[in-house]
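Colleague:
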Amino acid sequence: MSSTGKLTDRTVEVDLGGRLVTVPEGGLYDRFRMDTDLDAVARDPRVTSVDFFRRMPKSRVDSRIGPTLTPNFYYRISTTRLTMLAPTRAIRARLPHELDPLEIVPGLGIVSVMAFRYDVCDIDFYTEAAVGIAVKPARHGGLGLLDLVTGLKNDSLHSYVLSLPVNTEIAQVRGHDGYGFPKWVTELDVDIDTERTSARIANDQGGLDLALSAPTPKQTARPTGAHVSTLTSYTTIDGAWHSTTSQINMLASGTTRLPRGLDLQLGEGRVSDDLRSLKPIRTIQLDVTTEGQLALHMPVPTSIQDRS
């Protein structure tokens, strides 16, 4: 840390379950190793409040990346999600047979493109993007109408992720080895403010994989804790199903249905290939959170009915 309190460009190596990764010298991970001092975070001018985290104690667990603390806290984030309709037949071709797609009508399911910017986080700044499929909750026997309504309202969504590129080593190793997500490192820019939302994902050659740009929906500000949504993602770790829960404290967010002015460009790369394979028909909703917070829990084993 420099005398001005800003991060230097230097990095240090840390061990994650036998994997060496670099993190910013003087950053939150270097200083606290996940056991972050909330009072120190509260002094960061980018962070509105840490009250959401004070009521959520961390616990120490053993994991595939070694002993760690959970949840992973994200103190200042911004996110965007494009919700699209896609044929159920195309979706099922990409889903493990144990999972059922969430359908809006018979034969039509929901897929999404998401981008995330984590400005202040236990594992330091990084960006992330995803192509995901909305699925029915595991062990769910109903019609899914309630799941559909709450999912589209951003209150409770269950998903299976096909792509999850990130731009830092520690995020890749933790996400891939610790959580079972399809993560790799690439150049990934995400910029979200009250006027415009944009993201660009590079492919292995530095060219365009996927890019999106749109006017940011009008934002509604909320007190901390007033609107907390959940995202449950299903992955397999060592052949066994696990669920990972994210709790999102939405401080300023907005939604546009049938968004105008959206520019979505597909290039050559894993993210675009995954989206093309789902054969999306049209974008029905754009959700943007210009300010939020996140608690990402470690995955836990879950029973999923074998539908074969």
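Counting with the working numbering, you get residues 70 to 377 for the letters of the sequence shown. Using N, Cα and C, we set each Cβ at its ideal position, and we do this for glycine too.
Look at the alpha carbon of Y187 and the alpha carbon of I173, and state the distance between them as a whole number of angstroms.
Modeller: Mapped onto the sequence shown, residue 187 falls at position 118. Mapped onto the sequence shown, residue 173 falls at position 104. Their backbone Cα atoms lie some 31 Å apart in a straight line.
Colleague: Output yes or no for whether 7 Å exceeds the beta carbon distance between T196 and L257.
Modeller: Stepping through the sequence shown from its first residue, residue 196 is reached at position 127. Stepping through the sequence shown from its first residue, residue 257 is reached at position 188. Cβ distance < 7 Å, so T196 and L257 count as in contact.
Colleague: Work out the CA separation of S232 and D131 for me, nearest whole Å.
Modeller: Along the sequence shown, read from residue 1 onward, the residue named residue 131 stands at position 62. Along the sequence shown, read from residue 1 onward, the residue named residue 232 stands at position 163. So the two alpha carbons sit approximately 26 Å from each other.
Colleague: Are the Cβ atoms of T285 and R265 separated by less than 7 Å?
Modeller: Here residue 285 corresponds to residue number 216 of the sequence shown, with the count starting at 1. Here residue 265 corresponds to residue number 196 of the sequence shown, with the count starting at 1. Taking 7 Å as the Cβ cut-off, T285 and R265 qualify as a contacting pair.
Colleague: Distance, Cα to Cα, L335 vs D260?
Modeller: The count along the sequence shown starts at 1 and reaches residue 335 at position 266. The count along the sequence shown starts at 1 and reaches residue 260 at position 191. Each residue's Cα considered, the two are about 18 Å apart.
Colleague: Would DSSP call R79 helix, strand or coil?
Modeller: Start at 1 with the first residue of the sequence shown, and residue 79 comes out as number 10. The three-state reading of DSSP puts R79 in coil, since its state is none of H, G, I, E or B.
Colleague: Could you please give the first and the last residue of the uninterrupted beta strand (DSSP E) stretch that includes F194?
Modeller: In the sequence shown, counting from the first residue as 1, residue 194 sits at position 125. Here F194 belongs to no beta strand (DSSP E), and DSSP marks it neither H nor E.
Colleague: Alpha carbon to alpha carbon, what distance is there between V81 and G95?
Modeller: For the purposes of this step, residue 95 is identified with residue 26 of the sequence shown, where counting begins at 1. For the purposes of this step, residue 81 is identified with residue 12 of the sequence shown, where counting begins at 1. About 9 Å.
Colleague: Can we say the stretch 155–170 touches the stretch 116–130, given the rule of at least three CB pairs closer than 8 Å?
Modeller: no
Colleague: Could you check whether A283 and G323 sit closer than 7 Å to each other, using their CB atoms as the reference points?
Modeller: By one-based count along the sequence shown, residue 323 stands at place 254. By one-based count along the sequence shown, residue 283 stands at place 214. Not closer than 7 Å, so no.
Colleague: On a CA-only basis, which of T325, S372, T139 and V340 is nearest T149? Give me that one, please.
Modeller: Taking the sequence shown and counting its residues from 1, one reaches residue 149 at position 80. The shortest Cα separation from T149 among T325, S372, T139 and V340 belongs to T325.
Colleague: Give me the Cβ distance between G338 and N272, rounded to the nearest whole Å; I'm assuming they're in contact under 8 Å.
Modeller: Sequence index remark: in the sequence shown, residue 338 carries index 269 (1-based). Sequence index remark: in the sequence shown, residue 272 carries index 203 (1-based). Between N272 and G338 the Cβ distance is about 3 Å, and since that is below 8 Å, they are a contact.
Colleague: Which value, in whole angstroms, describes the spacing of the CA atoms of Q241 and V92?
Modeller: Taking the sequence shown and counting its residues from 1, one reaches residue 241 at position 172. Taking the sequence shown and counting its residues from 1, one reaches residue 92 at position 23. Rounded to the nearest angstrom, the two C-alpha atoms are 12 Å apart.
Colleague: Here's a check: name, in chain order, each residue in its chain whose Cβ is nearer than 7 Å to the Cβ of Q288, leaving out the five neighbours to either side.
Modeller: Start at 1 with the first residue of the sequence shown, and residue 288 comes out as number 219. Closer than 7 Å at Cβ, skipping near neighbours: T263, A321, S322, G323 and T359.
Colleague: Assuming V90 and I306 form a contact by the criterion Cβ under 8 Å, report the distance between their Cβ atoms to the nearest whole angstrom.
Modeller: Counting from 1 along the sequence shown, the entry for residue 90 is found at position 21. Counting from 1 along the sequence shown, the entry for residue 306 is found at position 237. Going by Cβ atoms, the distance from V90 to I306 rounds to 19 Å, so no, they are not a contact pair.
Colleague: Using the DSSP secondary-structure output, state which residues sit across from I146 in a beta bridge.
Modeller: On the sequence shown, position 77 is the one that residue 146 refers to. BP columns for I146 point to Y187 and G361.
Colleague: Does DSSP put V119 in a helix, a strand or coil?
Modeller: Mapped onto the sequence shown, residue 119 falls at position 50. V119: coil per DSSP, three-state reduction.
Colleague: Within 10 angstroms of its Cβ, does L281 collect 16 or more other Cβ (buried), or is it exposed?
Modeller: In the sequence shown, residue 281 corresponds to position 212, counting from 1. So L281 counts as buried.
Colleague: Could you pull out every residue in the same chain whose Cβ sits closer than 6 Å to the Cβ of S72, ignoring the five residues on either side in sequence?
Modeller: As a first step, residue 72 is located in the sequence shown; it is residue number 3 there, counting from the start. Per-residue confidence for S72 stands at a pLDDT of 33, beneath the threshold of 50, marking its modelled position as unreliable; no derived number is given.
Colleague: Using the Cα positions of T382 and R115, report the straight-line distance between them to the nearest angstrom.
Modeller: A question about residue 382 goes unanswered here, because the residues of the chain that appear run from 70 up to 377.
Colleague: Beta strand (DSSP E) containing Y229: first to last residue?
Modeller: Within the sequence shown, numbered from 1, the residue matching residue 229 stands at position 160. S225 to S232 is the extent of the beta strand (DSSP E) around Y229.
Colleague: Return the CA-CA distance between K252 and R243, expressed in angstroms with no decimal places.
Modeller: The count along the sequence shown starts at 1 and reaches residue 252 at position 183. The count along the sequence shown starts at 1 and reaches residue 243 at position 174. One Cα belongs to K252, the other to R243, and the distance between them is close to 9 Å.
Colleague: Can you say whether P206 is buried or exposed, counting buried as having 16 or more other CB atoms within 10 angstroms of its CB?
Modeller: Along the sequence shown, read from residue 1 onward, the residue named residue 206 stands at position 137. Per the 10 Å Cβ criterion, buried.
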